[in-house]
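>
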Amino acid sequence: MMIRKYIVNSMSEAMNIIKYELGKDAVIISQRKVKKPGFLGFFQGKVLEVTAAVDNRAKGASKKEEESFGALKTLIKDKASMDINHKAVEVETDGINKELLKEFHEMKSMMKNMINITSEEKASKNKIKEKLQSSDIEPKIIEEILAKLPKEDEENIEAVKKILYQNIEIEEKTLSDIVVLVGPTGVGKTTTIAKIAGRLALLEKKKVGLITIDTYRIGAVEQLKTYADIMNIPFKVIFSMKDIESAMESMKDCDTILVDTTGRSSKNIMQISELRAFIEKINTKDIHLVISGVTKNRDINTILEGYKVLEYNYVIVTKLDETTTYGPILNILNTAKKPLSFITIGQNVPDDIKIPSKDEIVNLILGEDNVC
Ligand SMILES: Nc1nc2c(ncn2[C@@H]2O[C@H](COP(=O)(O)OP(=O)(O)OP(=O)(O)O)[C@@H](O)[C@H]2O)c(=O)[nH]1
Ligand SMILES: [Mg+2]
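All residue numbers for the sequence shown refer to the numbering used here, where the first residue is 53 and numbers rise by one.
Given below as structure tokens:
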């Protein structure tokens, strides 16, 4: 499997290059609008980033090599080095962005040291409030935390940590036999499914099956199929309710079946109801709502409320690498009142996913740590 990313001006330009370089069997995995690479690109219009893949196993690695965890990472990372004309520019930009982000975090921690806010030291109640505000925690939650602080501890940041610790739940149990991911468009459901499949199949040596009911978005089926092919695991597409039973039956020897769904706006009640019918038929309690960590606080409530009818039991917070304030994790968990099952911290499959510890999450929320 060869995966390449192209920066182009239009889809037709992408199709020409992909056809020329990868051949007619290539499939488009994803497309999105991005800023032009390079410093000047920041001030210019958007271009198209198209990711395409082609199965070249005949020429490529041996079967054994392909099945190993390392090989999967290499295969997926290949996309970063293969295309000289188009991708090289982007890799360089990624490097610059990472460097900038690193410098930003160093500056942030230097500033923190300068104003002497360390976990051991006491800060005034006002300072604690400012700290919580600077993490983007909802004012209502800040007031609740401050109200819970015992009188003798009201200047002690360690006491705040204790309150957060008691109010956050992380789910560490093994996934059940059928796991469904739901959530708004583009939050990373399909990528997260591929990451979880990678962890289960390649690290835990479990038998995993992938199912998608996303036949709505162009390229959605190919996107997941590509990962299933790379990991050499069974894959089925469900087009209608009547396909569910046979798809499940065909994967009955799998330890875990991961089900990907169509991204829906939480405001579209019709679409959510349609999704609900599918999920009811799939019949599992392992339903995870996927929500981006860069979602605006106000939208968090709308999304959590809109998806309530699907009776999700866990929350996955994605794209934490794209933010520097992690208070929204608390806003999400506090509103959803469901445990956190995973966080995702980048685009790399299968690496950029983890089950965080409570300590990690509390430190992130309070701005005492970062995911980079
Ligand atoms: N930075 C970052 N990007 C991510 C992360 N997870 C996914 N993405 C990117 O987000 C984009 C959308 O990911 P998908 O997995 O297709 O999202 P989706 O929710 O399945 O999208 P729909 O099926 O269209 O609703 C892709 O470019 C992913 O690479 C993450 O943790 N961090
Ligand atoms: Mg998807």
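Where a beta carbon is used, it is the ideal one built from N, C-alpha and C, also for glycine.
Evaluate contact between the stretch 325-333 and the stretch 194-212, counting only Cβ atoms and requiring at least three cross-stretch pairs below 8 Å.
Cβ pair count under 8 Å is below three, so no.
> For a quick check, are the C-beta atoms of Ile81 and Ala104 less than 8 Å apart?
Working through the sequence shown from its first residue, we reach residue 81 at position 29. Working through the sequence shown from its first residue, we reach residue 104 at position 52. The answer is yes: Cβ separation under 8 Å.
> Between Met63 and the rest of its own chain, which residues show a CB-CB distance below 8 Å, the 5 nearest in sequence each way excluded?
As a working note, residue 63 is residue 11 in the sequence shown. Taken in chain order, the residues that qualify are Gln83, Leu100 and Val102.
> What ranges does the alpha helix (DSSP H) occupy inside the stretch 312-381, keeping only unbroken runs of at least 4 residues that lie completely in it?
Runs of the alpha helix (DSSP H) inside the stretch 312-381: 321-334 and 349-358.
> With a CB to CB cut of under 7 Å and the five nearest residues on each side skipped, what residues in its chain are close to Ile230?
Taking the sequence shown and counting its residues from 1, one reaches residue 230 at position 178. Hits under 7 Å: Ile309, Val311, Ile334, Thr336 and Asp338.
> For Lys257 and Phe287, what's the separation of their Cα atoms in angstroms?
Working through the sequence shown from its first residue, we reach residue 257 at position 205. Working through the sequence shown from its first residue, we reach residue 287 at position 235. Going by the C-alpha atoms only, they are around 17 Å apart.
> I'd like the span of the alpha helix (DSSP H) that includes Thr237, first residue to last.
Position 185 of the sequence shown holds residue 237. Per DSSP, Thr237 belongs to no alpha helix (DSSP H) and is neither H nor E.
> Where does the unbroken beta strand (DSSP E) through Val260 begin, and where does it stop?
Sequence index remark: in the sequence shown, residue 260 carries index 208 (1-based). From DSSP, the beta strand (DSSP E) with Val260 extends over Val260 to Thr264.
> Below 7 Å, is the gap between the Cβ of Val60 and the nearest heavy atom of ligand 1?
Reading the sequence shown from its first residue, position 8 is the one you call residue 60. No.
> Could you name the residues whose beta carbon sits closer than 7 Å to any heavy atom belonging to ligand 2, keeping them in chain order?
This selection yields Lys241, Thr242, Asp266, Arg269, Ala272, Gln275, Asp312 and Gly315.
> Just reading off the beta strand (DSSP E) that Ser187 is part of, what are its end residues?
Here residue 187 refers to the residue found at position 135 of the sequence shown. Ser187 -> no beta strand (DSSP E), and no H or E assigned at all.
> Taking Cβ to Cβ, would you say Thr47 is nearer than 8 Å to Ser187?
Here the chain covers residues 53 to 424 and nothing more, so residue 47 does not appear.
> Check for me: the alpha helix (DSSP H) holding Glu301 runs from which residue to which?
Within the sequence shown, residue 301 is the residue found at index 249, counting from 1. Note, Glu301: alpha helix (DSSP H), Met293 to Ser302.
> Apart from the five residues just before and just after Ile265, which ones in its own chain have a Cβ nearer than 6 Å to its Cβ?
Counted from its first residue, the sequence shown places residue 265 at position 213. These residues qualify, in order along the chain: Ile290, Thr313 and Phe330.
> Between Pro202, Gly271, Lys85 and Gly358, which lies nearest to Ile321 when the distance is taken from Cα to Cα?
For this step, residue 321 is matched to residue 269 along the sequence shown. Selected option, being the one with the closest Cα: Gly358.
> In this structure, how does DSSP classify Leu392 when only helix, strand and coil are distinguished?
As a position in the sequence shown, residue 392 is number 340, starting the count at 1. Residue state, collapsed to three classes: strand.
> For Lys57, list the residues DSSP reports as bridge partners.
For the purposes of this step, residue 57 is taken as the residue at position 5 of the sequence shown. In the DSSP output, where bridge partners are listed per residue, Lys57 has Thr103.
> Pull up the DSSP beta-bridge partners for Asn386, would you.
Your numbering for residue 386 matches position 334 in the sequence shown. According to DSSP, which records beta bridges pairwise, Asn386 is partnered with nothing at all.
> Whole angstroms are fine: how far does the CA of Gly240 sit from the CA of Ile381?
Here residue 381 refers to the residue found at position 329 of the sequence shown. Here residue 240 refers to the residue found at position 188 of the sequence shown. Cα-Cα distance, rounded: 16 Å.
> Give the straight-line distance between the Cα atoms of Ile189 and Asn400, rounded to the nearest whole angstrom.
As a first step, residue 189 is located in the sequence shown; it is residue number 137 there, counting from the start. As a first step, residue 400 is located in the sequence shown; it is residue number 348 there, counting from the start. If you take the alpha carbons of Ile189 and Asn400, they lie about 28 Å apart.
> Any idea which residues DSSP pairs Val86 with across the strands?
Counting from 1 along the sequence shown, the entry for residue 86 is found at position 34. Per DSSP, Val99.
> For Lys71, which residues of its own chain have a beta-carbon under 8 Å away from its beta-carbon, when the five flanking residues on both sides are left out?
Within the sequence shown, numbered from 1, the residue matching residue 71 stands at position 19. Result list for Lys71: Ala78, in chain order.
> Can Arg84 be considered in contact with ligand 1, in the sense that its beta carbon sits closer than 7 Å to one or more heavy atoms?
Taking the first residue of the sequence shown as 1, we reach residue 84 at position 32. Yes, since a heavy atom of ligand 1 falls inside the 7 Å radius drawn around the Cβ of Arg84.
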